[in-house]
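For any residue, its number in this note's numbering is found by taking its place in the sequence shown, counting from 1, and adding 818.
For glycine and all other residues, C-beta sits at the position ideal for the given N, C-alpha and C.
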Amino acid sequence: MPLATHAIESRQADIQIFKSDPSYAMGPHDSTSSFLAFQEGFQGGASVAVCDLDGNGYEEIVVGAGPGGGPQVRTFNSLGRAVFTPGFFAYDQEFKGGVNVACGDLDADGQAEIVTGPKSAGGSHIRIFNRYGQSVFTPGFFAYDSSIKGGVNIAIGDLDGGGFKEIITAPAFGVEPRVNVFNRYGNKLGYDIYPFHSEYSGGVSLAIANIDGGSEEELVMGVQNQDSAWVKVMKFGSEKTVVSNFLAFPDNFKGGVNIYGSDIDNDGFDEILTAANSGGGPHVKAYEGSGEELRFNVFAYEHDFRGGVNIAAGDIDRDGLNEIITAPSKSIDDGVVDFILVDLSEQKLYAYSNNILLKSFLVSTGLPGMDTRAGDFRISQKTYSKLYSGPDYYLPNTLWNMRFDQNRLLHGAYWHNNFGHRMSHGCINIAYPDAEWLYNATPMSTRVIVQQ
């Protein structure tokens, strides 16, 4: 993955389709076709999955919009033409955190369902749809506690060989790497999987692969962010067994890995496709389930693109060979806060950059009768030092002030240390170290959502 002088960190949702040929290297000009999944100019990237949604033997391409746009899901045929529906919204149209997609036949009727989860800036709300965008099996469920706001990754596979596929989830960022498994009704099954050490909080990428032709499928898990691109393959049975554990990219690359399982050499067994995530070149490689590297190499986009690549594979033209589908992701964490979420019920603030949770901390919002108002706001003024005074308080030299809603501000508070409890006259009190960091990292006009 050569270094670029001027790295490109985001691009349009340009879906590239490659023939699977494990014998030589390919670049973006070797794709058999490409298309834009969303309107021209949208730079949020996309997530991608491949499944036969209507049972006719042709697999469709399922695409979820990346951060910055509405939570739209679209389905396409091999020619890049929208099928079944012009697109549907998996969540409220105002949600801008992006959508992760997976698909699989959850009820064994021969027609795959679409499963979604927020990519970032939202909870772990899992939803299931048919190909027409109609909710099925459950109105939705949360894979983790409602306090987890870093998004959720998803995969679908038959882990136990029972004939029905399960929904596998992992936190996308910010908490311990606990993988959960659910049935199609949202009932949690008896698996608790910790693929990486408990202190790791960079997210777990997920995939399913049948590496040995057995009735059960194997679970593939990767380090998604903030560490080396380790991939772990696990088999389920009477006990969980680690089949392989390997580095997809050099150890000094710390941007993590995205993964997908598919038979790309037509030998009847799935290989594991890996793509560099944030900060790496648009490099897609392939490995046997044992961790043995294949000669297959694809550079899906220009060599200086550093936003990360999402991958999927399937036989979209029914020629007996699986095609490899790529979608650009969006570069993470440039250190600039571009979205702030304040949860009144938790008394907690979440600060995001490029869809990744940078930092969260306790705050103090308005007391009863002086409530901090819920709503969608923007930072309209920044003032280093400010005097706050009223009939019962006088607070000079208050630092790190950012106005977001009329006379309500985010600001430091030196007069109490009771964060996590409502204390203010309507502003949002923040401990000084957190307030200083937030003030310096947040530009004017940054979006602020205050929710109950």
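query                                                                                                                      : result
As assigned by DSSP and simplified to three states, the class of W1218                                                     : strand
Min CB distance W1218 to chain B below 7 Å                                                                                 : Absence of chain B from the displayed structure is noted, only one protein chain being present.
Rounded distance between the beta-carbons of I1248 and H1229, thought under 8 Å                                            : 7 Å
Uninterrupted beta strand (DSSP E) stretches inside the stretch 1066-1118 (no shorter than 3 residues)                     : 1075-1080, 1089-1094, 1101-1105, 1111-1117
CA-to-CA distance, S1178 to S838, given in whole angstroms                                                                 : 42 Å
Cα-Cα separation, A988 to K1148                                                                                            : 19 Å
Nonlocal neighbours in the same chain, by C-beta distance under 8 Å from D1069, ignoring five residues either side         : S1046
Span of the alpha helix (DSSP H), counted from its first residue to its last, around P1251                                 : 1250-1259
Stretch pair the stretch 921-929 + the stretch 972-979: three plus CB contacts closer than 8 Å                             : yes
Through-space distance from M1241 to Q861, alpha-carbon basis                                                              : 40 Å
Chain-order list of residues whose beta-carbon lies under 8 Å from that of T850 (same chain, five-residue window excluded) : I835, F836, K837, E1141
S1198 in three-state terms, based on DSSP                                                                                  : coil
Residues sharing a beta bridge with T893, DSSP                                                                             : V880
Nonlocal neighbours in the same chain, by C-beta distance under 8 Å from G1139, ignoring five residues either side         : Inspection of the sequence shows that residue 1139 is occupied by Leu rather than by Gly. Closer than 8 Å at the Cβ level, and outside the excluded window around L1139, lie K837, S838, N1084, D1133.
Ranges of the alpha helix (DSSP H) found wholly within the stretch 934-1010, counting only runs of at least 4              : none
Span of the beta strand (DSSP E) around T1144                                                                              : 1141-1146
Proximity below 7 Å, CB of S1108 to CB of S1062                                                                            : yes
Local conformation of I1267 per DSSP, three classes                                                                        : strand
Nearest residue (CA-CA) to F894, options I833, Y962, Y1003, N1115                                                          : I833
Range covered by the beta strand (DSSP E) that runs through L1037                                                          : 1036-1041
First and last residue of the uninterrupted beta strand (DSSP E) at C869                                                   : 864-869
Residues bridged to V1181 [DSSP beta-bridge criterion]                                                                     : Answer is none; V1181 lacks a bridge partner.
Exposure of H943, with buried meaning 16 or more beta-carbon neighbours within 10 Å                                        : buried
Anticipated Cβ contact below 8 Å, G884 with G863, distance rounded                                                         : 4 Å
Three CB pairs or more closer than 8 Å across the stretch 997-1016 and the stretch 1199-1215                               : no
Selected residue, minimal CA-CA separation from D1194, among E858, K914, D978, E1036                                       : K914
Selection from D872, N1028, A867 that minimises the alpha carbon distance to Q929                                          : D872
Beta carbon of K967 nearer than 7 Å to that of Y1168                                                                       : yes
contact_flag[the stretch 1071-1078, the stretch 1001-1018] where n(CB pairs < 8 Å) is 3 or more                            : no
Nonlocal neighbours in the same chain, by C-beta distance under 7 Å from G1020, ignoring five residues either side         : F991, V1041, Q1042, N1043, Q1044, D1045, G1074
Residues of its chain near G1031, where Cβ-Cβ distance is below 7 Å and the 5 sequence neighbours each way are ignored     : G1086, F1087
Buried versus exposed call for P1100 [16 or more other C-beta atoms within 10 Å across all chains shown]                   : buried
Integer-rounded CB distance, given that G1184 should sit under 8 Å from H1239                                              : At roughly 11 Å, the Cβ-Cβ gap does not stay under 8 Å, so H1239 and G1184 are not in contact.
Helix, strand or coil at M1052 according to DSSP, with G and I counted as helix                                            : strand
Local conformation of Q834 per DSSP, three classes                                                                         : strand
Inter-residue spacing [alpha-carbon to alpha-carbon] between A822 and A1094                                                : A caution first: A822 carries a pLDDT of 34, below 50, which makes its placement in the model too unreliable to give a value.
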